[in-house]
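Undergrad: Before I ask anything, let me first share the structure, which is written out below as structure tokens.
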Amino acid sequence: MPATTRRTTEFLDSLAADLRQVRETVDRRFRPLTDDQLNRGPGPGKWSVGQCLEHLNIVGGLYLPVISKKIKAAQERGSKPAETVAHGFFGKKMTDAMRVPATEKAMKSPQQYAPSGFRLPRTVLEVFSRQLDELTGLIEQTRGVNANAIRIPNPIIPLLLPRLTDALELLVVHMQRHIAQAEAVLDGQGVSAGKE
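Here is the structure:
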């Protein structure tokens, strides 16, 4: 096996662990925030913690139902898991680009994925938490199918059909990027981590 080949179980375990870390950060740092702290941006045109979460909710709202439908269809076809993970060229490129921290390289989100408001209700946290649960469940369901063979339409470029492996990894890395961005917003506000 080439050095870059990963076992499917290890790959999915890693994504699940990354999501647990995201949840821990959200619970520790974002749940204790006041409405003002949740909505205070670092400056004009820069997103608040709430806006970072709403952006993730919008993207999740587009991807998660499609992923769920594709996994169910694969289960109905009797799909069996592959031993190792395969990545596509474009999926890998998109994920690698997303790994660059927002503090080093800002990316402009397409308008349809931008947060809708400046004063967001606390429900933005609840929606994000439910999407974390849903994505965690989808990763578990992926363990029973060949994720290399399932193609997920990209919401921005529908003709681009990355593998499920790439779509899942991209969603997790995208979350990590914006959670780190939201933490940087809090650090700039002088907000310390909440106590449990």
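Be aware that the sequence shown starts at 1015, since it is given in our numbering, and climbs by one per residue. Every residue, glycine too, gets a C-beta built ideally from N, C-alpha and C.
1) By how many angstroms is the C-alpha of Ala1161 removed from the C-alpha of Thr1022?
2) Counting only the same chain and skipping the five closest in sequence on each side, list residues whose C-beta sits under 8 Å from that of Lys1084.
3) What's the gap between the Cα of Asn1168 and the Cα of Ser1062?
4) For Pro1095, I'd like the list of residues in its chain whose CB is within less than 7 Å of its CB, leaving aside the five on either flank, ordered along the chain.
5) Go ahead and label Leu1173 buried or exposed: buried means 16 or more other beta carbons lie within 10 angstroms of its beta carbon, across all protein chains shown.
6) Taking buried to mean at least 16 other C-beta atoms within 10 Å of its own C-beta, is Asp1180 buried or exposed?
7) Rounded to a whole number of angstroms, what is the C-alpha to C-alpha distance between Phe1132 and Gln1065?
8) Verify the contact flag: Leu1200, CB atom, against every heavy atom of the ligand GTP, threshold strictly below 7 Å.
TA: Reading off the structure:
1) Translated into the one-based positions of the sequence shown, residue 1022 becomes position 8. Translated into the one-based positions of the sequence shown, residue 1161 becomes position 147. Answer to the nearest angstrom: the Cα atoms are 9 Å apart.
2) Position 70 of the sequence shown holds residue 1084. Here the set comprises Ile1164, Arg1165, Ile1166 and Leu1178.
3) Start at 1 with the first residue of the sequence shown, and residue 1168 comes out as number 154. Start at 1 with the first residue of the sequence shown, and residue 1062 comes out as number 48. So the two alpha carbons sit approximately 26 Å from each other.
4) Residue mapping note: residue 1095 aligns to position 81 of the sequence shown, counting from 1. Hits under 7 Å: Thr1022, Arg1157, Gly1158, Val1159 and Asn1160.
5) The residue you call residue 1173 lines up with position 159 of the sequence shown. Exposed, since its Cβ has fewer than 16 Cβ neighbours within 10 Å.
6) On the sequence shown, residue 1180 is found 166 positions in, with the first residue counted as 1. So Asp1180 counts as buried.
7) Here residue 1132 is taken as the residue at index 118 of the sequence shown, counted from 1. Here residue 1065 is taken as the residue at index 51 of the sequence shown, counted from 1. If I take the Cα positions, the gap works out to 7 Å.
8) The model on display carries no ligand, and the ligand GTP is accordingly not part of it.
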